[in-house]
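Presented below is the structure to which this report refers.
In my numbering, the protein residues as written are 47 to 472.
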């Protein structure tokens, strides 16, 4: 049995009083809290080993560099990267996806296709959209089936040259006869609005059969079981530390060496170069050539400690307990009059998004906050999928493994009371 009371002791912030009420923090899809062991590891490094990495020849420089490269090995093992050099530290998932889109742009020619789904976070939508605008390629947006999962039938048609349900930008003057080849398929492992878990291996196999690279947005999926690059078949995987208990400003773009070798450097400066002369510059080997400037090495060390912490707890156990909390939330929210849960995917993870007749999500979440409950309202940086459902805003409840069933019940009861109050006021 998952010992949530023991786990909660690792997160002192959970003892916070919010507006005079015990904090019930249910906004973990946005940012997870940081455990003491990660905070301690950051403090320890600054106290005992801090120095800039890869450059100095003194004791602290070696100690700091060793800690960074150990962190790289830890993250590689955590995600199943085939080579530790296949972990490039970034500022987060958004940074990693932009690095991928810009780095792969040279592969995309006028009329070629890049494929995403309508349920993408803007971070895995806009970079590929802008790449297509710049390269005069076709931006193909695959829709959802009746349950809220990616429509694999439509994906197959698009990969075979058929028309997508959304998107399809390609200037006619640049379009070759017939549809161009698909170069990249980029999809989220788990929707931050629907909670729908992508059948990533199936999508990867479909992409590869069409000759395309498969890029996985891992922001929302990393806490929900073992995410193994080799098993999922992804060429590139982007993730964020702050979704995993590592704090903000750190993430990684992980990939096969073959895929990462395709990336042209996006940023230029110190450490990523081999030789610089007026006539030319040559680049360092991977991963350094994609890590210009001083990296967030302390953030990387924190990310590695967070990976170890999740491993120590048991990644499958963490995911199973979070699934229990989500199932409890679905049942408890079903008691709320006029509440509609978005989607009923084959596999849901991490969150429940909902709309209530006659109740604006902003009003609901503001009043919930006054009662100590932290929820999320808005479009959640995923406007295309809300448009798919004819909405502009939703409320979202997203537990983590340190939340309790009692907190879920309390939050659902406040949603019921507040929605009734708001409807009566109108």
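We put the beta carbon where it would ideally sit given N, CA and C, even for glycine. All values derive from a computational prediction rather than experimental measurement.
Only residues of its own chain outside the window of five on either side were considered, and among them 79, 81, 448 have a CB closer than 7 Å to the CB of residue 57, listed in chain order.
Residue 335 and residue 252 have their C-alpha atoms some 31 Å from each other.
Contact between the segment 336-347 and the segment 94-107 is present, with at least three C-beta pairs closer than 8 Å.
Runs of the beta strand (DSSP E) lying entirely within the segment 136-186, each at least 3 residues long, are 159-163 in chain order.
If you draw a 10 Å sphere on the C-beta of residue 170, you find 16 or more other C-beta atoms in it, and that means buried.
Taking a contact to require three or more Cβ pairs closer than 8 Å, the segment 442-457 and the segment 83-90 do not qualify as touching.
Assignment of beta-bridge partners to residue 68 by DSSP yields 63.
The segment 262-272 makes contact with the segment 163-181: 3 or more CB pairs, one atom from each, lie closer than 8 Å.
Residue 286 has 297 as its beta-bridge partners, per DSSP.
For residue 326, the enclosing beta strand (DSSP E) has its first and last residue at 326-329. Rounded to the nearest angstrom, the gap between the Cα atoms of residue 184 and residue 234 is 20 Å.
DSSP places residue 450 outside both helix and strand once states are collapsed to three, so it counts as coil. Just measuring C-alpha positions, the residue of 352, 324, 224, 239 sitting nearest residue 287 is 352. Contact annotation: the segment 195-211 does not touch the segment 132-146, with fewer than three C-beta pairs closer than 8 Å.
Three or more pairs of CB atoms, one per stretch, sit closer than 8 Å, so the segment 404-422 contacts the segment 60-71. Distance from the CA atom of residue 153 to the CA atom of residue 373, rounded to whole angstroms, is 43 Å. For the options 85, 53, 52, the alpha carbon positioned closest to that of residue 294 is the one of 85.
Going by beta carbons, residue 297 and residue 283 fall outside the 8 Å limit.
The shortest C-alpha to C-alpha distance from residue 200 to any of 161, 361, 400 is the one to 161. Shown here, residue 95 sits in coil according to DSSP, grouped into three states, outside any helix or strand. The Cβ atoms of residue 164 and residue 434 lie closer than 8 Å to each other. In the assembly as shown, residue 55 is an exposed residue. Its beta-carbon has fewer than 16 other beta-carbons within 10 Å. When rounded, the separation of the alpha-carbon atoms in residue 228 and residue 151 is 13 Å.
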